[in-house]
Each structure stands twice: as structure tokens, then as C-alpha cells.
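Residue numbers (the UniProt record's numbering): 1 to 650.
Quick reminder that beta carbons are idealized off the backbone N, C-alpha and C, glycines included.
Fair warning: this is a prediction, and the values are worked out from it, not measured in the lab.
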């Protein structure tokens with residue numbers, strides 16, 4: 001929107017402010033200047049401002065002048081007059097007007113002598129690239145630019161169209177009777193349009209009386225005409241609907257303002273004082289009232305700002321904008337307090353961590369899906385973007401199956417994936433449910449072999465069950481495997497295998513947690529041609545969270561790392577067929593006289609004749625207080641051999 005620098009100075013004195021300072025402060029206040037055009041022929045500057053949609057109140061030079069007055073703390077040269085038109089005085093004439101018109105004021109001009117505009121008026125219009133026509137059209141355009149008010153000045157040849165526009169056909173009270181008898185008369189028409197009665201009428205006429213007074217003054221001064229007494233007309237039907245609506249108020253605590261804006265730069269981390277907050281709000285014409293007892297400001301929102309000042313944060317933004325955001329400290333305060341994480345989020349992170357540790361990969365899928373099985377529990381969207389996103393998902397497994405298909409196309413032979421996300425469904429009682437579930441798919445080819453000479457075996461039901469038990473052990477959760485209860489509502493019926501399925505229950509209260517099942521063969525036929533089993537699990541996270549207990553005690557032993565070098569030796573030991581090697585290595589490491597840091601198994605050979613195992617161990621020796629020499633290693637080896645000899649005797 002374009003504004004004239006000269007006309008702006010008629011309303012507010014900006015001579016003491018340089019244009020660069022004006023441009024910088026206006027930009028910081030949220031009114032960005034896109035372009036400044038210098039009009040040398042008229043000695044004026046046209047400022048092109050980028051007005052955002054929420055600042056519809058800045059629609060004229062007069063409204064911009066009020067905003068600049070608040071930003072620079074400069075008083076206006078003019079005094080705004082409040083004009084009340086919805087009072088029941090004797091001047092008002094209530095007639096049935098068109099529904100587009102709420103009220104209008106009308107004057108009749110007679111005996112106009114001059115029709116040419118003065119030079120200053122032509123120059124103001126030329127600055128806007130508007131060519132001068134006649135004094136009446138020029139005044140109309142000028143008032144629109146300066147005050148944002150629409151007026152009409154027409155002659156006797158056009159009054160009939162205006163009459164039809166303003167007055168209904170059945171209206172008996174005709175304000176144009178005297179015009180019909182005078183061929184030299186002109187009509188000055190000041191309307192107020194019906195904006196669906198969104199707010200009180202007097203606030204809609206904030207610039208009305210100033211625009212009216214200047215229009216009449218310009219016409220009488222430069223046309224030397226006589227103007228009749230004004231007549232006011234009010235819409236008879238709409239008058240019944242006009243009510244003085246309650247004034248919008250916002251209550252905001254002083255501490256909230258100070259906390260969000262932060263400390264002022266120039267002070268020693270002091271916040272904006274109550275006095276400065278009050279003065280800033282007063283500049284914005286928000287009529288602030290401070291209640292000391294409750295430390296609250298009560299702010300009255302003018303009707304011209306009801307569109308953009310609705311919340312507390314809007315008021316705080318206005319204070320910062322007028323006072324200047326650059327005057328506040330723009331660094332985040334340092335804090336020594338650790339952020340709080342909910343138990344639910346903590347447990348979800350714990351579940352994710354443990355699943356990754358046992359070889360699963362996490363995936364994330366969209367919550368909208370295509371309608372496949374037409375279940376009654378499905379929640380469909382009224383206006384979906386595409387067919388692939390026409391309903392909310394009621395289970396996680398179908399999305400994981402799509403991930404499985406993608407990985408199969410990429411020739412991946414091992415697929416272990418999981419997802420934690422929300423599902424949505426409708427119960428038989430038409431109640432809408434939103435839950436967080438954990439879902440996973442396990443598919444492995446060539447999973448295990450007992451010996452290197454044997455062929456690999458595929459993943460089976462017992463392996464899947466063992467992985468789930470390992471997962472629950474890591475979470476320190478006691479669960480119970482039971483046959484699924486027929487009364488349980490589940491959205492996985494079409495995916496569950498009729499035989500290879502089992503329910504996961506809370507071992508304490510027997511509450512249903514989830515399910516482990518092989519994917520139904522009928523469903524597999526639709527997604528693959530291979531004869532391999534696919535296993536999936538689905539668990540309710542919210543129920544699982546109740547079983548996860550936090551350890552509030554520590555059992556950790558902190559030991560310093562040794563700075564001395566290590567020595568590695570490979571030794572061969574013979575043990576019986578049924579001796580547990582893990583117990584042997586644990587005793588070796590536990591006995592500190594051996595200085596053993598770690599023991600690894602390199603190879604194993606089984607003697608069928610002696611029925612003994614020959615195992616090669618790689619032992620790492622390290623001392624915490626010295627470097628081990630050859631004498632130390634000799635004594636250690638001797639003690640180990642003696643220890644192993646005693647074991648073989650047993």
C-alpha cells in the first residue's frame with residue numbers, strides 16, 4: 001500500500017526524524033518498506049509498505065499516522081472526533097435503505113462557480129500517478145487516500161441511479177425531492193456500509209467526521225458554492241439488529257510480560273517496569289488498567305484491532321514491537337535445571353533402545369492408509385486427498401508389511417523391523433479410540449545351523465517366541481503366554497494365523513497386552529510367492545508401560561582404566577564334553593592373581609575317540625599398577641595350568 005510523505009506530515013510532524021531512521025524504525029515495528037519512490041516534480045516521496053493481512057486497520061494515511069505516533073512517541077497534529085450515529089435523536093431519519101448501506105449523510109451543493117482543482121491538490125494526486133479531472137473527483141480521491149473514506153459527489157443527471165441504489169422501491173420518504181426541482185445542484189453522499197454488524201457503529205466511524213469536515217471545507221473553499229444543511233439517514237431494518245456489544249478485554253499478568261520479553265539490554269538484567277509497560281499500552285490506545293493486588297493488566301481492545309489482538313501473546317508482541325525488540329536481550333538464559341521427560345516417553349525410548357540392541361530396525365509410516373478390508377472399526381476421512389489416504393490406520397502391521405515388500409524387492413533376506421505409533425479405531429459401541437502400539441515383523445532366511453557342515457535352517461515359531469522373551473527380559477517384565485481370548489477386540493483378525501498364534505498377558509492381573517503370530521497364509525499369497533514364514537507382534541504400549549519398573553538403586557562398580565600395556569597369549573585347554581566353558585572363564589577372570597582382563601574362544605575341536613573338547617582360548621593379561629614381565633607371565637601360565645588340571649580331575 002502506498003503512502004505520501006507530504007500528506008503524512010500534515011497529520012504528524014516528522015521533520016525532526018531523518019528518513020533513514022524512519023525507515024529503520026518502521027521495519028523493526030513490523031511495517032516493512034518495500035520501495036521508496038521519489039517524485040521530484042512534486043517534491044514528494046511515495047512509501048510502499050507491505051501491510052500484512054492481520055493489520056487491516058492500516059488502510060489510509062490517517063491510520064498510518066496513528067501507528068507512527070505510537071512507534072515514535074510523537075503527538076498527532078489533529079484531534080480525532082468520535083461520531084455516534086446510533087442514538088435516537090430527532091435528526092436521524094429512519095428509512096428502509098438497501099441492505100448494503102447502514103447509514104449515510106447527505107448534503108446538496110448549489111451554485112458551484114469553479115471546477116478546477118488547486119495546484120497543491122493536483123500535485124498530491126500526481127504523486128500517486130493519478131491525473132486530475134475536476135475538483136469534485138479530485139476531492140473524492142484525496143479523501144479516500146488520506147482518510148480511507150468513500151464519498152460520492154454526483155450531479156442531477158446521475159441521482160436516479162444513486163436513488164435506486166440507496167432506497168427501496170416501497171419507500172415513501174424520499175430525500176431527493178428537492179433535488180429534482182434544481183438542475184444546478186450536486187449531491188455529496190457520505191455512506192457507512194453494512195459490514196454484517198460485526199462491531200459497534202461508532203467505532204466504524206473513527207475517521208468519518210474528520211473526512212466529512214475536510215470534504216465540506218474543501219468544497220466551500222475552492223468551488224465557492226453553497227451547501228445545504230446535512231441530512232442523516234439510518235437503515236430502518238438494520239437499526240433493530242444493532243446492539244452495543246461488550247468490549248473485548250484481555251487480562252495479562254505482569255510477570256508473564258516480563259518473562260516472555262526478557263531483560264532490557266542497557267540495564268543490569270532488569271525487566272521492563274510496570275510504568276513503561278503501562279505507557280506503551282497507552283500509546284497503542286489499549287486503555288490499560290493495572291491492578292496492583294493481582295499484578296495484572298486489564299486491556300481494552302479497540303474495535304479496529306479485534307482481528308489481530310486476540311490472545312495474551314498478541315499484546316506482548318505489540319509491547320515489544322512499540323518499545324523495540326532490539327532493546328531486549330536476545331540471548332537465551334542459561335539454566336542449570338535439567339528438562340523433565342515423562343515416564344511414558346522415557347519408557348518408549350527404553351523400548352526402542354532394547355529392540356535396536358537385539359537387531360531390530362525402526363521404521364516410521366504414515367497414519368493414513370487405503371481402505372482395504374472395509375472393517376466397521378475403520379475411521380474414514382470425509383474429504384481425503386487421495387485414495388491412498390482415505391482412512392486412519394487401525395493397526396501398525398499393515399504398514400510394516402508394505403516395508404517388508406519393499407525390502408524383498410531389494411533382495412534383503414533378513415527383515416526385522418518395528419514401529420511405535422498411534423492407531424485409531426471405532427468400537428462396537430461407536431466410541432472412538434486412539435492408542436499407541438508397538439508393532440514388529442520378523443523374517444529371516446538361513447537363520448541358524450548347529451554345525452558348519454550342516455545346512456542352515458529358516459527362522460521358525462520358537463525362534464520368534466525366544467526373541468520376544470529376550471526383549472521382555474531386557475525390560476525386566478514378567479509376561480504370560482496364553483491362548484487368545486475370543487472376547488478380545490482386535491483389528492488384526494485377517495492377519496493372524498489360525499494355529500500359530502499366542503496372546504501376551506500381564507502375569508499379575510492377566511490383562512491382555514498384545515499378540516505374537518505368524519502371518520496368515522492367505523495374506524502371504526497376496527504379497528509373495530515364496531514359502532517362508534513371516535512373524536509379527538503387536539503390543540499396546542500404554543499397558544506395557546505399567547509393567548516397566550524403574551530401578552531406584554545403583555549396582556554399578558566404577559573402576560579406573562589401566563594405563564599399562566596388555567599381553568596376549570593363546571592357550572589350548574581340554575575339557576570334558578559336558579563342562580561349561582563360561583563358568584571356567586568367569587572363575588579365571590574373577591581371580592585377580594591371574595591378571596586376566598578378557599578371555600575369547602578362537603576355535604574348538606572335538607575328539608570323538610577321547611570324547612573330549614580341545615578349545616583354543618585367547619587371553620589378555622593386564623595389571624593396573626605395573627608392566628607385566630616374563631617372570632609374571634610364567635607364574636600366571638603355571639597357575640592357570642594347575643587350575644585347569646584340577647578341573648579335568650573333577
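(request) To the nearest angstrom, report how far apart residue 51 and residue 33 are at their CA atoms. (result) 9 angstroms
Kindly indicate the opening and closing residues of the beta strand (DSSP E) around residue 50.
44 to 50
Can you give the Cα-Cα distance for residue 47 and residue 36, rounded to whole angstroms? 5 angstroms
Original post:
When burial is assigned at 16 or more other CB atoms within 10 Å of the CB, is residue 558 buried or exposed?
Top reply: exposed
| field | Meets three-Cβ-pair contact criterion under 8 angstroms: the stretch 499 to 507 and the stretch 464 to 479 | value | yes
Cα-Cα separation between residue 28 and residue 323, rounded to whole angstroms: 10 angstroms
Does DSSP put residue 186 in a helix, in a strand, or in coil?
-> strand
Practice prompt. For residue 249, write down the residues that DSSP places opposite it in a beta bridge.
Written response: 300
Extent of the continuous alpha helix (DSSP H) to which residue 393 belongs
Neither: residue 393 is in no alpha helix (DSSP H) and is coded neither H nor E.
Check your understanding: What number of angstroms, rounded off, separates the C-alpha of residue 450 from the C-alpha of residue 413?
Key -> 20 angstroms
- Please classify residue 8: does DSSP put it in a helix, a strand, or coil? helix
To the nearest whole angstrom, what separates the beta carbons of residue 291 and residue 298, a pair I think is in contact under 8 angstroms? 7 angstroms
Note the first and the last residue of the continuous alpha helix (DSSP H) segment covering residue 39. Counting along the chain, residue 39 falls outside any alpha helix (DSSP H), though it belongs to the beta strand (DSSP E) covering 32 to 39.
* For residue 363, the first and last residue of its enclosing alpha helix (DSSP H) -> Neither: residue 363 is in no alpha helix (DSSP H) and is coded neither H nor E.
**Prompt:** Counting along the chain, where does the beta strand (DSSP E) carrying residue 574 start and finish?
**Reply:** 567 to 576
Length of the line joining the Cα atoms of residue 336 and residue 270: 20 angstroms
For residue 364, which of 384, 13, 398 has the nearest alpha-carbon? 398
From the DSSP output, read off the bridge partner residues of residue 114. Residue 114 is not bridged to any residue.
- Message: Using only CA atoms, which one of 58, 268, 44, 393 lies nearest to residue 368?
- Response: 393
Out of 326, 325, 301, which one is the CA nearest neighbour of residue 315? 301
Between residue 549 and residue 455, what straight-line distance do the alpha-carbon atoms span, to the nearest angstrom?
42 angstroms
Which class does residue 105 belong to by DSSP, given the choice of helix, strand or coil?
strand
**Message:** In the DSSP assignment, the beta strand (DSSP E) including residue 372 goes from what residue to what residue?
**Reply:** No beta strand (DSSP E) holds residue 372; DSSP gives it neither H nor E.
Answer yes if the stretch 510 to 525 comes into contact with the stretch 486 to 496, meaning at least three C-beta pairs across the two stretches below 8 angstroms, and no otherwise. yes
Select from 602, 596, 604 the residue whose C-alpha is nearest the C-alpha of residue 632.
596
query = In or out: residue 630 buried (at least 16 other Cβ within 10 Å) or exposed?
reply = exposed
Checklist entry - How would you label residue 133, buried or exposed, when you count the other beta carbons within 10 angstroms and need 16 or more for buried? => result exposed
Simplified DSSP state of residue 449, which is helix, strand or coil: coil
Measure from the C-beta of residue 77 to each C-beta in chain B and report whether the shortest distance is under 8 angstroms. This model lacks chain B altogether, as it is built from one protein chain only.
Inter-stretch contact (C-beta, 8 angstroms, three-pair minimum) for the stretch 58 to 76 and the stretch 101 to 119: no
Practice prompt. Below 8 angstroms CB to CB, which residues in the same chain sit around residue 461 once its five sequence neighbours on both sides are set aside?
Written response: 500, 518, 533, 535
Worksheet item: Where DSSP assigns a beta bridge to residue 540, which residues make up the other side?
Response: 437
request  = Rank 208, 209, 222, 152 by C-alpha distance to the C-alpha of residue 188 and give the top, closest one.
outcome  = 152
To the nearest angstrom, how far is the alpha carbon of residue 263 from that of residue 30?
21 angstroms
Which word fits residue 129, buried or exposed, when buried means at least 16 other C-beta atoms lie within 10 angstroms of its C-beta?
exposed
Between which residues of its own chain and residue 488 is the CB-CB distance below 7 angstroms, once the five residues before and five after are set aside? 512
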